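Heads up, the thing below is written out as structure tokens.
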Amino acid sequence: MLRLLGARLLTMVPLLLVVSFLIYGLIALVPGGPETALAGSNPTPEKLAMVREQLGLNEPFLVQYWNWFSAAVQGDLGKSFVNGQSVWSAIAGGFPVTLSLVILTLLIAAVLGLGLGLAAALRPGSWIDRTATVIASLFMSLPYFWVGMMLVLVFAIDLRVLPAIGYVPFAQSPTDWFLHLITPAFALAIVPVAVVARQTRAAVTGVMTEDYVRTAEAKGLRPVRLVGKHVLKNAAVPVVTAFGVEANRLIGATVVMEQLFALPGVGKLTYFSVFSRDFPMVQGILLITAILIMFVNLAVDLSYGYFNPKIKAT
Amino acid sequence: MFKKTRTVEAVKSVSFGIDTGETLGLVGESGSGKSTTGRAVLKLVPVASGDITVAGQNLTDLNGRALRRARRRMQMVFQDPYSSLDPSATVAASISEPLMVHDHVSARAARTRALELIELVGLRASHADRYPYEFSGGQRQRIAIARAIALNPDFIVCDEAVSALDVSTQNQVINLLERLRTEFDLAYLFIAHDLAIVRHISHRVAVMYLGRIVESGPAERVYNEPAHPYTQALLSAIPNPSPHRRSERRIVLAGEVPDPARPPSGCPFRTRCAFAMDICAERMPEHTAIDGGGEVACHLQTSGPELSGAPLGDLTAAAIRPA
Amino acid sequence: SGKPGDLNPGSTSTAAGQPAQNVACPPTDKGAIDKNATFTWMYSVANTSFDPDKVTTSNSWMYLFPIYDTLTRLNANGEPEAMLAKKWEVGDGGKTLTLELIEDWKYHDGTPFDAKSVKANLDRHRAKGSFNEQALSDVKKVDVSGDSTVKITTGHGAAPLISILASSAGMMMSPAVFDDPKQANMPTGGSGAFRVTGYDPATKVEYTAVKDYWDPDALNVAKMVFLISSSDNARLNAVMTGQADATFLRSAMYQPAKDGGLVVCQKPSLASFTIALNTSHAPFDKKEAREALNYAIDRKSINQLMQGFCQPGVQMFPTSYYASDPDLTADKYPYDPAKARELLKAAGVPSGFEFTLETDNLESYTSVAELIQANLQQAGIKMKIQPVELPKLMENFSVNKTADAVMVQQKADADPSIQIAAFYLKNGFSNPGNYTNAKVIELDAEAKAAQSKEERAAVYKKLFQEAHADAAPPVTLCHLNTPLAMTGKVQGVEVYVDGSRQFRGVAIKK
Amino acid sequence: MPRPKKPEEPAVRRRRAGRFGQLARRFAGNKPALAGGVLLFVILVVTMGAPLFAPYTPEQINIADRLSGPTPAHWLGTDALGRDTLSRLLFGGQVSLAASALSVAIATLIGLPLGILAGYVGRGPDWLLNRASDILMTFPALVLTIAIIAVVGPGLTTAMISLGIVYSARLFRVIRSATLVVRQEVYIEASISIGTPGRTILLRRILPNVLPPLLIQISFLLASALLAEVTISLLGLGALPPTASWGSMLGQAFAEIRGTPSLAVFPGIAIALATLSFNLVGDGLRDSFGRATRKAEG
Amino acid sequence: MTGTEPSGSLLSIEDLRIDFVTDRGWVNVLNGVSFDIGKNEIVVLVGESGSGKTVTSLSVLGLVPRAHSRKTSGHIWYDGKDLTELPIGELRDIRGNEISMIFQEPMTSLNPAFTVGDQIAEAYRRHRGGKKKAALARAAEMLDLVGIPNAAARLRDYPHEFSGGMRQRAMIAMALICEPRLLIADEPTTALDVTVQAQIVELLIRLRDETGCGILFITHDLGVVAELADKVVVMYAGEVVETSVARDLYIQPKHPYTEGLLAAMPQQGVRGEELPTIPGRTPEPWSMPSGCRFGPRCSHAVEECGKAVIPLSVVDNGRSCRCCRSGDLALGGVR
Ligand SMILES: Nc1ncnc2c1ncn2[C@@H]1O[C@H](COP(=O)(O)OP(=O)(O)OP(=O)(O)O)[C@@H](O)[C@H]1O
Ligand SMILES: Nc1ncnc2c1ncn2[C@@H]1O[C@H](COP(=O)(O)OP(=O)(O)OP(=O)(O)O)[C@@H](O)[C@H]1O
Ligand SMILES: [Mg+2]
Ligand SMILES: [Mg+2]
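Chains as they are written, first to last, in my numbering: chain A, 1 to 314; chain B, 315 to 637; chain C, 638 to 1147; chain D, 1148 to 1445; chain E, 1446 to 1780.
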């Protein structure tokens, strides 16, 4: 296991190198440099030139990349063009918020999605199944930000039971943390809930028809154990895969959601930096998210080995 | 046709030849390399060393276009009737494929020929535009056979062509194969694990174990006077329908087939052989000619005390204990 | 007319269905103030720096006013008031300004506030590379005479300085921290009523009141928090749920805010919607073409679209401002597509022309652009809309000078001269086509040297007449009126006529 | 005495139909799928026939009649500029659907041939293409698209092309693994043994058999792409005004969401219905193909 | 009705009729299946693919997928209880305990996600309780009994680390761990090599001799039948067409279908001769012929065969047959 992990981590290194190169190049090689953003509302050509010089934008591209990358490896992602803040600390500041949001979203997706999927799969064709399928199809079709907006109107503005915006750290007040995040998390979760429910239903119904489930049934196992042990572990791979894909997608969705809910997370930072052409920030965010996604993918891959020993063997 | 030379080296130094109009049965346990051998003959798997000669033409060094051209002389019928036909192509399209590829005939001409072939294998022309899933296993196998004979090949490899079928259907297909063989002077390499079927259809039989041919020879000789302990065991394992012979002892081989990736030293069969001697672990037995025709690779025949080119026949009851 | 008026039942309007022009925000009730309260303001755009020399846009001043007191101050009505300079005097034929400073005040880091430090600040502000360099470009030297007197000498005239010193160019920062780059993120050398005690650049700034502020009447809360969200809905939601105390509104949010029980107050401002033209791109080099553009735009419908929050106007500043020509009212350019077509003929483009308008990609800009697009169509002018983000907009228009025209919200600067320079003078930041008009240039210089406000007003009246006669760019569309929405507890918030956001004296009711 | 009942008549008459005919029959027998298909058809007809159905032109401004709720003159009301919501919805559908079709088409153009190539050829090309898709999959699609637009400039086409490139990695994976499965099917080996050239095998044997997963994936990607279009337009990075798209309509509606909520409701419903129809069709295809495959397996 | 119930019978299936729902609506899959299994008896159920052997065996333990099927008549008597009517909880107590099952596909019948030992021990813990350790020890014993060397160590292997023959043995170990009174083996050898097949058959016979359990052995290979059967039940198209003591069936089949099956056995053929076949193919469940289901393929068919439903009737001394001509036909057996 550790060896496998090590090997996988090693293969991530060249991947990361290519990814970082693309990220840097994509942002830095575009015509019209970032200096205008920096030079203020009435820049003079001299001022622009000065800024270029300060940013090292006059160096050859490869040198620029290498400077950036070697600093990044040492944990220095540079400074914001806009406010001079360290990119790393800006990301680190928003990270707990986004992580909270994503985790809560995935939790909702897990509870509701698995619940709906299992309920549907255990009685295929029943009204439970049909209801769950309809809910899943509907959830899958609603634009999440639209749902978020509607939820705010109802729960925050009309009913005044939930806050409309903002974030409270978990450490400060777990209840407030939850109350502030539940609306955006629920809105973000609707698609994952649908995906996980559908995936679970498909996987579980698939596994339910497997010969080994019949074997287990022939042993006299009761349904709880039958499903809880024999079915779930085998159905887990596609479900976990779906979670991985959704986690990836969520990172994009938080950009919109954190905006609507004024959450001080990485998503909001992304929006803010992209629109203020804060290139070091954008590069840093893309790099960090790429690494995160790599780790999510790695975790998903490694979980396959647990759920299916045969995969581990190959 | 195949000359009686060392024609094929597949799996591990496997050699045999087949004459025009002849059927060679290839039997052995699962994983013994039967399919690989069959596929190697058609160069469907890379052949590391050795020669394959069809009608004097050496296939070994052929590649690309030349190999594709050579393939019209030899065809294959696969074991699984459910997966050997493209589910998205009609029966007529599947049968026409070789015609279009090799004879570059028009689609219409190919279709006409396909209809003839469909009739030839005992289906109705009205079946031509159906898809494989609409057919039973036996019918599919007929379609596969129609495709195989479309180009009038010299030689067909039947890889477990009837194993997946019910007895009655199995017999229908065998009858069809026999009819076609006599009609078109075909040669078959007939791969099967059902020894009873092989006995019925084969002129000669080769027995494989762990990637090697351990015994070969005329079918009658091999079945009546097996010279290799493994052949003996195989034959005794054939379920016998006659209730009268129920009391006969059966040789039950101990243990499992070794991992082909790590075969035992010396004779591959020695780990399960009741006659294993010291030498069996040391040296690979040579192929030795045997009375009644054929060859066997067993130290009992060369280094053993008792046998020497004689069939194993009478010894068994006394010497082999059930596991 | 019907519909829009119906949507604004509270309006006192007549024809165009406009809301009342002046709705005062609740004044401070000295007796009912909670001195320990926190005031939370929510804004759309983040701060760029806490160093008045390192900010990149005047938008950031809002974040700096609580920290740094300015030498002078412009009150909500745009009138100069005493601040760190308790008195001033223009002398030497209008060329010098002498400031008399308050005493017994210290920077937050303990450095005494004195004339020496003021000189140091002013010199730093006008140094090369400072954001305020241009605003103070006319300053020739700063002299210290005594502990609390400073004399500023200018090249053309000192009058503009009085209001310029109320902007970032007049913000005072402890000289001890001048070279400390950390000030950009955590200022410690302020001179104002608040210190920054929490900062999360894209999200919020937290201010805590300083002890013994020199003007105790101007400090009524213990804390201020500025939250940032560019989502209009999020901001309004925050105030409606009480998570924030106040925010500004876009026109579409006005009615819902009132319906939601919020206090909404407003006043005309100096900010305007304008279309800046690149006169090097034909046919904008032709006066007739520019005139045609003015006639082809239906300013009233824009105001309707903005629910009455954008008063039609045809000159840079509203007529209510001293630097304007009161006679240049909106009816100087009635909506008249036929006339526009004629003018196009005169400009040599009888079958109209095509151009691309770049504008901010916010919905409030693009819908105005769409309306204009439809207007211009009537006159045979095909306008393509290209929404881009603000930095890109500036880059395309002012730096690379590739854009034909841009539509922006023009904020008032500290002094009319700055805005005039940007649009009417050679190499002006918003004048990529280098449009020039000799008379305007002459009048601009005259205004700078004028001694009194009245004198300046007269010069500016002439200047804008000239500009109008030449249909000088930009094409002013309307003067904005951005309301504030706040909870019932908030007092003392004022709408500043120059569009700046200042919360001096804000209080929360007990 | 046991009296065996006469075997029941088959419920559905056996009909001569090709494989896709069979599929269509199964699809039609699946109620949700059929509903999805009909819905999709209706959506396509009304949006593509917008010039016929729309009561006004989508850009026709009437500021005096702005923000009206549903009225007899404007069934779905008007927007902030007084434009007819129904007409904009119909024309906007063209834009949104075409945009998602564009990104999916790009994804298919890249993902399908490369997926088949990687799956069929294996070895070096497979390794290389896999790494390339790894890299693409490492970027969060939406963030990347926004970043690209921010530097290149807005426009639906740019957005959808970049989205299509990101999606191509997903499609590549699906096609590649489908090809891997098909590739080791015996009928492929049969074709090789016949002497069929590789090109013909790819086109005639592999391609038709990876169509099922392709179609399924395409219908789901269309749904994703539609939502992405909406998100991008919502952020003001999508369709250029005055062109309506469902996303830009929703974006504009958000500004008025309190005053005129119906403005947000109708595009929301249109988006939901279109996505729903894509998903239902995708599900239906999967079920139909799934059953066909299962049946083929015996 | 079936013949008289042997008093010593362990399990008795009576007129079982099951329908399945398919694309084409409800189709009949089992039609009046009746036979008994005695204590210590090996009953072999033979028939072509799709004749209903598996459905019959699954219905004993109530494992026929409920959602797609319905029982329209019949009983399965065991210990005085009708298993088809037994509450599911009680049936679960019988499953794997008193009656256990081995399935057709050794490759897929073991759960790939758990170790072999875990899966064998699971059945024991379910019915006998106790510590996991004790159950594992018992599982090792069982693996040893079915002839897997180094059993204790192999418990920790996953199914994919076993060969087909070993997996089938593990399945047998699992089935036997609670010492069932009836073992149902659904084609346990079909997927295996001849030599392994022989091992398994030997093993089952030995187990019957040692433990005295009844065995219902399902196969389509008449050859295997002769090796171990006490009694043979022949099925065709969802119906039992003939039941007989094994030896008699071979010497003198009573049903033309049995005759055809016996003749078609490859062991019967002589090289060069055309192999005997039964013309036509088995009817699809949705288009069953009326009257005798074998009628259209039967070379002895007369007009009467197509008319009425033919009952399964006793012909002589414990044999029964579903043929209206069973009295007048003299059919040939094994040569
Ligand atoms: N493509 C392949 N890659 C790796 N190993 C293979 C491949 N094909 C066959 N083998 C191995 O080669 C050996 C011989 O396999 P082959 O399929 O020829 O056996 P067989 O005698 O036909 O068995 P069966 O009766 O099961 O068909 C086996 O051990 C098999 O695992
Ligand atoms: N779940 C199911 N749904 C519909 N039909 C079914 C189902 N299971 C079995 N059948 C049908 O019931 C009939 C009997 O099937 P069964 O599996 O009992 O045959 P079998 O005799 O065991 O065949 P084999 O020798 O192939 O295992 C077949 O026609 C089959 O198609
Ligand atoms: Mg094989
Ligand atoms: Mg079966």
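Where a beta carbon is used, it is the ideal one built from N, C-alpha and C, also for glycine.
Here the structure is a predicted model, which is why all the values come from computation and not from measurement.
query                                                                                                                        : result
Integer Cβ distance of P1205/D from A1386/D, believed to fall under 8 Å                                                      : Between A1386/D and P1205/D the Cβ distance is about 11 Å, and since that is not below 8 Å, they are no contact.
For A757/C, the residue or residues it bridges with in DSSP                                                                  : Looking at the DSSP assignment, A757/C forms no beta bridge with any residue, so it has no partner.
Closest Cα partner of C1766/E within the set T1722/E, L1720/E, E1687/E and L1528/E                                           : E1687/E
Chain C within 9 Å of V1379/D, Cβ atoms only                                                                                 : Correcting the residue type first, residue 1379/D is Ile in the shown sequence and not Val. No - not a single Cβ of chain C is within 9 Å of the one on I1379/D.
Start-end ranges of the beta strand (DSSP E) lying completely within the segment 988-1069 of chain C, minimum 3 residues     : 991-997, 1019-1025 and 1042-1047
With 16 other Cβ atoms within 10 Å as the buried cut-off, status of Q1331/D                                                  : exposed
Residues of its chain near S561/B, where Cβ-Cβ distance is below 7 Å and the 5 sequence neighbours each way are ignored      : Confidence at S561/B is low in this model, with a pLDDT of 47, below 50, so the placement of that residue should be treated as unreliable; the coordinate-derived value is given next. So the list is empty, once near-sequence residues are dropped.
Straight-line Cα distance separating I470/B from S530/B                                                                      : 19 Å
For T1447/D, the three-state DSSP class (helix, strand or coil)                                                              : Summary: the structure shown does not reach residue 1447/D, with chain D confined to residues 1148 through 1445, and so no result is reported for it.
Cross-chain neighbours of P1532/E in chain A, by beta carbon under 9 Å                                                       : In chain order: nothing, as chain A lies at least about 13 Å away.
Cβ-heavy atom distance, D480/B to ligand 4, below 8 Å                                                                        : no
Residues that DSSP places opposite W725/C in a beta bridge                                                                   : L736/C
Partner residues on chain C for F261/A, Cβ-Cβ distance less than 9 Å                                                         : S866, S868, A871 and N874
For E1718/E, the nearest candidate out of H514/B, D499/B, L434/B and Q453/B (CA to CA)                                       : H514/B
K841/C (DSSP reduced to helix, strand or coil)                                                                               : strand
Beta-carbon proximity of N1783/E to C1750/E, cut-off 9 Å                                                                     : A query on residue 1783/E cannot be resolved here, the shown segment of chain E reaching from 1446 to 1780 and no further.
Complete alpha helix (DSSP H) runs within the segment 204-286 of chain A (minimum length 4 residues, chain order)            : 211-218, 232-260 and 266-275
Simplified DSSP assignment, three categories, for T1688/E                                                                    : strand
Residue environment, M1619/E, which counts as buried when at least 16 other CB atoms sit within 10 Å                         : buried
I1057/C versus Y850/C, V1043/C and Y1072/C, residue with shortest Cα-Cα distance                                             : Y1072/C
Buried/exposed call for H418/B, threshold 16 Cβ in 10 Å                                                                      : exposed
Through-space distance from T845/C to Y167/A, alpha-carbon basis                                                             : 21 Å
Stretch-stretch touch, CB-based, cutoff 8 Å, three pairs: the segment 494-503 of chain B with the segment 373-386 of chain B : no
Through-space distance from L10/A to L99/A, alpha-carbon basis                                                               : 26 Å
Residue-chain proximity (T314/A, chain D), Cβ-Cβ < 9 Å                                                                       : Annotation note: pLDDT 46 at T314/A (below 50); position unreliable, no value reported.
Residue-chain proximity (N1177/D, chain A), Cβ-Cβ < 9 Å                                                                      : no
Short CB-CB distance (under 9 Å) between A1417/D and chain C                                                                 : no
Check: Q393/B C-beta below 8 Å from any heavy atom of ligand 2                                                               : no
Exposed unless 16 or more other CB atoms sit within 10 angstroms - verdict on G1725/E                                        : exposed
Where the segment 1388-1409 of chain D meets chain F: residues whose CB sits under 7 Å from a CB there                       : The structure shown contains no chain F; its protein chains are A, B, C, D and E.
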